[in-house]
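**Q**
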Amino acid sequence: MSGLAGEYKKLKEDFVSGLTGGPVSEITAVTAVGPVAIFLWSVLQARQSFFKPYTPLAFLVDYLINVITIILSTTVYGNQPILLSILLIAPALLVWALPSSSTPKKKALVPPTAKAQNTSAGGALSALSIKPFLTSYRGSMMIMTCTAILAVDFRLFPRKFAKVETWGTSPHGPWRRIFVYSAGVVAARPVLKERIAGRDTPLSRRLAQALRHSLPLLVLGVVRTLSVKGLDYAEHVTEYGVHWNFFFTLAFLPPFVALFQSALKVIPSYAALALLLSTSYQLALENTSLKVFVLTAPRTDFISMNREGICSFFGYLAIFLAGQDAGIFGFGLAVSRRLANLPYVLWVVAFNSAQIFVCCLIDTVFFPAFHNASDARAEAEAYTTATSRILRAFNRNGLAVFLLANLLTGLVNMTVPTLMPRPSRPWVSLRPTPVF
């Protein structure tokens, strides 16, 4: 590696190191843009049927509302996110005040026999139907995650929003934890299916299924590590360690969750398991040398080289279990991103629960047809009406989009001097491409 390339690599590593984040109020203001954008989209759809049919103009507006606004919230409006929210709420209230494009039809009384025939023709309602508000939440969070992964390498992205080194909070830090939490929410579906069917899958079978899910992620983790080392790519060692990366964390979650599922016979609550795990981990950090080991130990062997990724895994596991609990029910300690300690777990859970609640509230107010559907066909139509096509695409292809975002981030960082771009370059690089 040439001296100039080595200096630039060191400059990039320093650019994302030693950061302490910002106050929680700023994080709340920035992340509120996502639900506010969903609110504007919902008003346009519910009052004016703007996205039905889904014309090129509808796609453009959908993209501007749900993608571009999130990019703006962490760049141009990074210091004024509340102003951006106001600029989104104002037209939403105006559209809400306008007469509806269609007059609601009075629901006719249907005889019980005819109602039964209609239900049979449309298919019986599923006990575990896909919720529009969860699609909106997961899709919006995925867009935020992909944006932050790339934007953090540009000077346009405020440093207070970048990932903190050890202590503190920032909008960038939780995105991958949000990914884990939302994965836990949807992972509740197979658990609920088992409960409804009244069956109990043996541990050996659960572990076999978990390992099948883990294997591709392990391969991705190995490929990423080899790529980073082979290309001499700039890396932030204190994030996960020398060899560890987020794909390894994701890969180890399924087998551990399968093991913890057996503990439900003793502690019948995922929330209690998450709290017990995170509390035990916090006690270990505070009452043993574990915290000192994670923060200051020399990197002499595989464990010490990857101590951040290995130890913070327990925090991620607690977040995943808490997400499962949220999915099942439908709805001076310092926060440390590096340790993923108890305050951090509680903060991530509270943040995501608030986001889901707001999305659920918007969905309930503007799209009651989904909740009042009498058969599966009507429910499917109401679901399509109540969700953005772009958010559905990001939600449906979550892992693929996350992988693509990481690959494109690597490509951009290898071909564009992100710390010294021309004025127009960041916008070209930060523009995400929808996946349908």
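Going by our numbering, the residue at position 255 of the sequence shown is 1428; the numbering climbs one at a time, nothing skipped. Glycine residues also receive a C-beta, built at the ideal position from the N, C-alpha and C atoms. A quick note: this is a predicted structure, and the numbers were derived from the prediction, not measured.
1. Leaving out five residues before and five after serine 1435 in sequence, what residues of the same chain have Cβ atoms less than 7 angstroms from its Cβ?
2. Whose C-beta lies closer than 6 angstroms to the C-beta of threonine 1320 among residues of the same chain, with five residues either side of it excluded?
3. Does the stretch 1366 to 1381 come within contact of the stretch 1547 to 1555, defined as at least 3 CB pairs closer than 8 angstroms?
4. Using only the alpha-carbon positions, how far apart do valine 1395 and arginine 1372 sit?
5. CB alanine 1424 to CB leucine 1380, shorter than 7 angstroms?
6. Using the Cα positions of valine 1415 and cysteine 1484, report the straight-line distance between them to the nearest angstrom.
7. Is there contact between the stretch 1467 to 1487 and the stretch 1519 to 1531, where contact requires at least three CB pairs shorter than 8 angstroms?
8. Taking 8 angstroms as the limit between beta carbons, can you name the residues of its chain near phenylalanine 1475, skipping five residues before and five after?
9. Under three-state DSSP, which class holds tryptophan 1417?
10. Taking only the alpha-carbon atoms, compute the straight-line gap between glycine 1583 and leucine 1390 and give it to the nearest angstrom.
11. For isoleucine 1366, which of helix, strand or coil comes out of DSSP?
12. Which residues in the same chain have their Cβ closer than 7 angstroms to the Cβ of threonine 1308, if we skip the five residues on either side of it in sequence?
13. Indicate the three-state DSSP secondary structure (helix, strand or coil) for glutamate 1408 in the structure shown.
14. Between phenylalanine 1419 and the rest of its own chain, which residues show a CB-CB distance below 6 angstroms, the 5 nearest in sequence each way excluded?
15. From this set, Ile1535, Val1465, Phe1421, which residue's C-alpha is nearest tyrosine 1489's C-alpha?
16. If I measure Cβ to Cβ from alanine 1361 and keep anything under 7 angstroms in the same chain, skipping five residues before and after, which residues do I get?
17. Please name the residue in Ser1453, Leu1271, Tyr1556, Thr1411 whose C-alpha comes closest to that of phenylalanine 1466.
18. Cutting at 7 angstroms between CB atoms, please list the residues of its own chain near serine 1451, excluding the five before and the five after it.
19. Taking the C-alpha atoms as reference points, what is the distance between serine 1453 and alanine 1495?
20. Between the alpha carbons of leucine 1213 and leucine 1260, how many angstroms are there, rounded?
21. Do methionine 1317 and valine 1574 have their beta-carbon atoms positioned less than 7 angstroms apart in this structure?
22. Distance, Cα to Cα, proline 1357 vs leucine 1448?
23. Can you tell me whether asparagine 1570 is helix, strand or coil according to DSSP?
24. Is alanine 1265 closer than 7 angstroms to valine 1216 when the C-beta atoms are compared?
25. Quick check: the Cα distance between glutamine 1221 and alanine 1202, rounded to an integer number of angstroms?
26. Rounded to the nearest angstrom, what separates serine 1239 and valine 1209 at their Cα positions?
27. Return the CA-CA distance between cysteine 1533 and phenylalanine 1543, expressed in angstroms with no decimal places.
28. For glycine 1505, count neighbouring C-beta atoms within 10 Å of its own C-beta (all shown protein chains included) and say buried if the count is 16 or more, exposed if not.
29. With the cut-off set at 7 angstroms, would you say alanine 1578 and isoleucine 1322 are in Cβ contact?
30. Taking Cβ positions, are alanine 1457 and leucine 1463 nearer each other than 7 angstroms?
31. Between Glu1459, Gly1403, Val1521, Val1364, which lies nearest to serine 1442 when the distance is taken from Cα to Cα?
32. Smallest Cα separation from threonine 1204: which of Phe1493, Tyr1236, Ile1255?
33. Find out if the Cβ-Cβ distance for the pair isoleucine 1614, isoleucine 1211 is shorter than 7 angstroms.
34. Give the range of the alpha helix (DSSP H) segment to which lysine 1464 is assigned.
35. Of the residues Val1585, Leu1572, Thr1558, which one's Cα is nearest the Cα of phenylalanine 1306?
36. Once the 5 residues before and after leucine 1271 are set aside, which same chain residues still bring their CB inside 8 angstroms of it?
**A** The relevant details are as follows:
1. For this step, residue 1435 is matched to residue 262 along the sequence shown. Leu1376.
2. Numbered from 1 along the sequence shown, position 147 holds the residue referred to as residue 1320. Closer than 6 angstroms at the Cβ level, and outside the excluded window around threonine 1320, lie Ile1243, Ile1244.
3. No, the stretch 1366 to 1381 is not in contact with the stretch 1547 to 1555.
4. To locate residue 1395, count along the sequence shown from 1; it is residue 222. To locate residue 1372, count along the sequence shown from 1; it is residue 199. Distance between the alpha carbons of valine 1395 and arginine 1372 is about 36 angstroms.
5. Within the sequence shown, residue 1424 is the residue found at index 251, counting from 1. Within the sequence shown, residue 1380 is the residue found at index 207, counting from 1. Their beta carbons are not under 7 angstroms apart, which means alanine 1424 does not touch leucine 1380 by this criterion.
6. The sequence position of residue 1415 within the sequence shown is 242, counting from 1. The sequence position of residue 1484 within the sequence shown is 311, counting from 1. Going by the C-alpha atoms only, they are around 14 angstroms apart.
7. no
8. On the sequence shown, residue 1475 is found 302 positions in, with the first residue counted as 1. Hits under 8 angstroms: His1416.
9. Residue numbering aside, residue 1417 sits at position 244 when the sequence shown is read from its first letter. Three-state result, tryptophan 1417: coil.
10. Sequence index remark: in the sequence shown, residue 1583 carries index 410 (1-based). Sequence index remark: in the sequence shown, residue 1390 carries index 217 (1-based). When rounded, the distance between both Cα atoms is 18 angstroms.
11. Counting from one through the sequence shown, the residue named residue 1366 turns up at place 193. Note on residue identity: the sequence assigns lysine, not isoleucine, to residue 1366. In the structure shown, the three-state DSSP call for lysine 1366 is helix.
12. On the sequence shown, position 135 is the one that residue 1308 refers to. Result list for threonine 1308: Thr1560, Leu1564, Arg1565, Asn1568, in chain order.
13. Position 235 of the sequence shown holds residue 1408. DSSP places glutamate 1408 in coil when its eight states are reduced to three.
14. Locating residue 1419 in the sequence shown gives position 246, where the first residue counts as 1. Around phenylalanine 1419: Arg1349.
15. Taking the sequence shown and counting its residues from 1, one reaches residue 1489 at position 316. Here the closest residue by C-alpha is Phe1421.
16. Stepping through the sequence shown from its first residue, residue 1361 is reached at position 188. Within its own chain, the residues whose Cβ lies closer than 7 angstroms to the Cβ of alanine 1361, once the five positions on either side in sequence are excluded, are Gln1497, Gly1500, Ile1501, listed in chain order.
17. Taking the sequence shown and counting its residues from 1, the one referred to as residue 1466 is at position 293. Comparing C-alpha distances from phenylalanine 1466 to each of Ser1453, Leu1271, Tyr1556, Thr1411 shows the shortest one belongs to Thr1411.
18. One-based indexing of the sequence shown puts residue 1451 at position 278. For serine 1451, where only same-chain residues beyond five positions count, the Cβ hits under 7 angstroms are Gly1488, Ala1491, Leu1515, Val1518.
19. Start at 1 with the first residue of the sequence shown, and residue 1453 comes out as number 280. Start at 1 with the first residue of the sequence shown, and residue 1495 comes out as number 322. When rounded, the distance between both Cα atoms is 15 angstroms.
20. If you number the sequence shown from 1, residue 1213 lands on position 40. If you number the sequence shown from 1, residue 1260 lands on position 87. Each residue's Cα considered, the two are about 10 angstroms apart.
21. Here residue 1574 corresponds to residue number 401 of the sequence shown, with the count starting at 1. Here residue 1317 corresponds to residue number 144 of the sequence shown, with the count starting at 1. In this structure, methionine 1317 does not lie closer than 7 angstroms to valine 1574 by Cβ.
22. To locate residue 1357, count along the sequence shown from 1; it is residue 184. To locate residue 1448, count along the sequence shown from 1; it is residue 275. The residue asked about is misnamed: residue 1357 is glycine in this sequence, not proline. So the alpha carbons of these two residues sit roughly 15 angstroms apart.
23. Your numbering for residue 1570 matches position 397 in the sequence shown. In the structure shown, asparagine 1570 falls within a coil segment according to DSSP collapsed to helix, strand and coil.
24. One-based indexing of the sequence shown puts residue 1216 at position 43. One-based indexing of the sequence shown puts residue 1265 at position 92. Cβ atoms of valine 1216 and alanine 1265: closer than 7 angstroms.
25. Taking the sequence shown and counting its residues from 1, one reaches residue 1221 at position 48. Taking the sequence shown and counting its residues from 1, one reaches residue 1202 at position 29. Each residue's alpha carbon lies about 28 angstroms from the other.
26. Taking the first residue of the sequence shown as position 1, residue 1239 is located at position 66. Taking the first residue of the sequence shown as position 1, residue 1209 is located at position 36. Per the sequence shown, the amino acid found at residue 1239 is asparagine instead of serine. Taking the straight line joining both Cα atoms gives about 10 angstroms.
27. As a position in the sequence shown, residue 1533 is number 360, starting the count at 1. As a position in the sequence shown, residue 1543 is number 370, starting the count at 1. Cα-Cα distance, rounded: 12 angstroms.
28. Along the sequence shown, one-based indexing puts residue 1505 at 332. With a pLDDT of 42 at glycine 1505, under the threshold of 50, the modelled position of that residue is not reliable, and no figure is offered here.
29. By 1-based counting over the sequence shown, the position of residue 1578 is 405. By 1-based counting over the sequence shown, the position of residue 1322 is 149. Taking 7 angstroms as the Cβ cut-off, alanine 1578 and isoleucine 1322 qualify as a contacting pair.
30. Looking up residue 1457 in the sequence shown gives position 284. Looking up residue 1463 in the sequence shown gives position 290. Yes.
31. Along the sequence shown, read from residue 1 onward, the residue named residue 1442 stands at position 269. Among Glu1459, Gly1403, Val1521, Val1364, the Cα nearest to that of serine 1442 belongs to Val1364.
32. Here residue 1204 refers to the residue found at position 31 of the sequence shown. Ranked by how close their Cα comes to the Cα of threonine 1204, the residues Phe1493, Tyr1236, Ile1255 have Ile1255 in first place.
33. The question about residue 1614 has no answer, for the chain in this structure spans 1174 to 1609.
34. For this step, residue 1464 is matched to residue 291 along the sequence shown. Run containing lysine 1464: 1463 to 1469, per the alpha helix (DSSP H) assignment.
35. Locating residue 1306 in the sequence shown gives position 133, where the first residue counts as 1. Residue Thr1558 is the option with its Cα nearest to phenylalanine 1306.
36. As a first step, residue 1271 must be located in the sequence shown, where it is residue number 98. Closer than 8 angstroms at Cβ, skipping near neighbours: Arg1220, Gln1221.
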